[in-house]
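Written out below as structure tokens is the structure these notes cover.
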Amino acid sequence: VTSRLGGEVTRTGIEPDEEASIRAFVQEAVASSCDLVLTTGGTGFAPRDRTPEAVARLLDRRAENLMELARLRCKEITPFTYLSRGVSGTIGATLVVTLPGSPRGACETLEAMIDLIPHAIDALRSEEDHA
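Just so you know, we're using this note's numbering here: the sequence shown kicks off at 38 and counts up by one.
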């Protein structure tokens with residue numbers, strides 16, 4: 038992923054399934070000027086799955102169409118894609134995407150939107166209109 042996006046991983050971590058911990062981790066990543074923050078896990082229907090709620094409270098702007106694109110593309114692989122409640126959006130100039138917890142689901146979801154991520158990051162960095 039990093040080679041396709043032309044970036045580097047600057048931070049990784051494992052957080053408990055608690056909204057405050059998830060929010061703190063995302064806020065720290067944004068504060069360190071990351072262009073992209075990816076979370077994995079906590080997007081399902083289990084009572085402890087609270088990542089979408091934690092991240093949604095932080096978003097300045099939602100980018101729901103990224104997740105809809107992923108669901109549309111991934112539905113051909115598995116209908117379980119519709120059980121992900123993942124969210125995406127921006128916090129300042131950082132794009133944030135919540136991915137499913139299974140390695141396969143996370144990879145498939147990211148693959149479904151990966152071609153759009155560089156343009157989104159460029160737009161967030163720019164002061165120009167990208168219409």
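Glycine included, C-beta positions come from ideal geometry on N, C-alpha and C.
(message) Comparing C-alpha positions only, which one of A157, P53, V46 sits nearest to N102?
(response) A157
(message) Measuring only the C-alpha atoms, how far is V46 from F62?
(response) 15 Å
(request) Could you tell me whether the Cβ atoms of G79 and D72 are closer together than 8 Å? (result) no
(message) By alpha-carbon positions, which one of T76, A160, T146 ends up nearest to P113?
(response) With the sequence shown as reference, residue 113 is identified as Glu, and Pro is not the correct amino acid for it. Selected option, being the one with the closest Cα: T146.
(request) Put I128 into one of helix, strand or coil per three-state DSSP. (result) strand
(request) Measure from the alpha carbon of S70 to the alpha carbon of each residue in D54, A100, G129, D97, then state which is nearest. (result) G129
(request) List the endpoints of the continuous beta strand (DSSP E) containing T77. (result) 73 to 77
(request) Compute the distance between the beta-carbons of A32 and S121, then report whether it is under 8 Å. (result) With the chain covering only 38 through 168, there is no way to say anything about residue 32.
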